[in-house]
Amino acid sequence: MGDQLMIGDGTVVLTTEEGQRLERPEADAVRFLREEFVPPLHGAALPDGVKFLEWRPPLLLVVHQMPPHVRQFRWIANDSPVPYGPGTKYRKVRLSIPYAITFALYAQQGEGLYLTEYNELYFRNEPLRTRADRLCYPALLNVSRIEMPLRERAWICTQYLDYPDGGDWTHQLQALLEHTWNGGFNLSSENHEGASWFGASEGVHPDLHPVERWERASAANDAFALGVPWKPAPLNMEELIECLFLEYEQAQGRAPGGARPLNLIGRFLNFALKG
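Residue numbering for the sequence shown follows the numbering used here, starting at 32 and increasing by one per position.
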């Protein structure tokens with residue numbers, strides 16, 4: 032007979048197939064289930080734009096949606112003496128942007144949640160409604176095209192991401208968004224990862240490349256971006272979420288599903304013994 036978990040009269044009784052027996056108050060089971068299924072947000076309100084949360088201890092994935100808008104960018108100038116870094120020359124461009132979907136992956140350390148380097152950006156011409164929704168690659172510099180075994184990533188480099196000491200997960204998310212959109216857009220991805228999704232999107236629309244065409248189309252129509260057939264990503268929302276967790280676990284040297292034991296009773300046993 033396998034492991035058994037029985038609840039009655041305010042007591043939880045766990046019996047393993049090896050014959051180990053453990054009794055705990057029912058309140059412990061409630062606390063365990065909360066920790067299993069409720070992320071440790073520590074009372075913070077969900078920031079505007081957060082569409083989905085996926086909590087798989089010790090990892091939290093946050094999916095943020097920015098609405099369509101026209102924004103000003105610091106874009107590398109055609110006569111910049113260097114492609115990125117100190118000395119890069121920029122100019123200001125105003126570009127129409129569709130719905131922008133940011134995936135931010137956190138890892139729990141102690142009581143806190145901290146951004147990992149597994150953060151990505153995608154475009155859509157409609158708002159997110161379900162996890163079956165499709166995504167498109169973002170035609171932007173500094174969002175790197177990276178080949179993976181199962182897909183191509185739209186990776187945001189966070190090497191120079193800065194946020195206040197003690198900043199919680201919401202402060203880190205805001206810092207990630209500001210880092211992504213308010214920095215200088217240069218040729219760093221082309222020089223470090225081999226390609227950006229701006230370069231990889233050439234040809235999807237006649238008014239995207241060079242960026243001066245995108246700027247003129249945006250000046251003529253604020254909603255220009257919502258009519259662009261952005262390069263489609265092969266995975267939908269749900270599939271991309273699974274890939275992010277899988278790739279992180281593999282990078283940490285764990286087998287798929289290694290972030291926590293798969294068996295619920297086994298996880299409760301570990302929880303009860305720690306308590």
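Where is the CB? At the ideal position from N, CA and C, for every residue including glycine.
By a C-beta neighbour count over all protein chains shown, 10 Å radius and 16 as the cutoff for buried, is Val69 buried or exposed? So Val69 counts as exposed.
Burial state of Gln203 (16 or more Cβ within 10 Å): Classification for Gln203: buried.
Please report the distance separating the alpha-carbon of Gly50 from that of Arg62. Between Gly50 and Arg62, the alpha-carbon positions lie close to 25 Å from each other.
Which first and last residues belong to the alpha helix (DSSP H) in which Ser220 is found? Following the DSSP letters along the chain, one finds Ser220 inside the alpha helix (DSSP H) bounded by residues 219 to 223.
I need the straight-line Cα distance from Thr211 to Asn156, nearest angstrom please. CA-CA distance, Thr211 to Asn156, rounds to 19 Å.
Quick one: using the 10 Å Cβ neighbour count with 16 as the cut-off for buried, is Pro169 buried or exposed? By the neighbour-count rule (16 or more Cβ atoms within 10 Å), Pro169 is buried.
Between Leu171 and Ser227, what straight-line distance do the alpha-carbon atoms span, to the nearest angstrom? Cα to Cα, the separation comes out at about 7 Å.
Helix, strand or coil for Ala226 per DSSP? Reduced to three states, the DSSP call for Ala226 is coil.
Given 8 Å, three or more beta-carbon pairs between the stretch 207 to 224 and the stretch 259 to 270: Segments in contact, no.
According to the Cβ coordinates, are Thr189 and Asn150 closer than 8 Å? One thing to note: Thr189 has its Cβ within 8 Å of the Cβ of Asn150.
From Pro88 to Asp193, what distance separates their C-alpha atoms? Answer to the nearest angstrom: the Cα atoms are 25 Å apart.
Roughly how many angstroms separate the alpha carbons of His236 and Ala251, rounded to a whole number? Going from the Cα of His236 to the Cα of Ala251 covers about 16 Å.
Taking Val124 as the reference, give the member of Gly118, Glu278, Gly284, Arg244 with the closest Cα. Cα-wise, what sits closest to Val124 is Arg244.
Which class does Ala251 belong to by DSSP, given the choice of helix, strand or coil? Ala251 falls in the helix class under three-state DSSP.
Per-residue DSSP class, three states only, for Met268: Helix at Met268.
Mind checking Lys120: buried by the 16 CB within 10 Å criterion, or exposed? An exposed status is given to Lys120, since fewer than 16 other beta-carbon atoms sit within 10 Å of its beta-carbon.
Buried or exposed: which applies to Ala58, given that a residue is buried once 16 or more other Cβ atoms fall within 10 Å of its Cβ? Sixteen is the threshold: since fewer than 16 other Cβ atoms of the shown chains lie within 10 Å of the Cβ of Ala58, the residue is exposed.
Sub-8 Å separation of Leu91 and Leu126 beta-carbons: Contact: no.
Looking only at its chain, what residues have a beta carbon closer than 7 Å to the beta carbon of Gln35, apart from the 5 residues adjacent to it on each side? Cβ neighbours of Gln35 beyond the five flanking positions: Thr46.
If you check the beta carbons only, do Arg102 and Ile128 fall under 8 Å apart? In contact: Arg102 and Ile128 (Cβ atoms closer than 8 Å).
Label Val174 either buried or exposed according to how many other C-beta atoms from any shown protein chain fall within 10 Å of its C-beta, with 16 as the threshold for buried. By the 10 Å Cβ count, Val174 comes out buried.
Just to confirm, is the Cβ distance from Leu77 to Leu275 under 8 Å? Against a cut-off of 8 Å, the Cβ pair of Leu275 and Leu77 comes out as no contact.
Mind checking Pro99: buried by the 16 CB within 10 Å criterion, or exposed? Burial call: buried.
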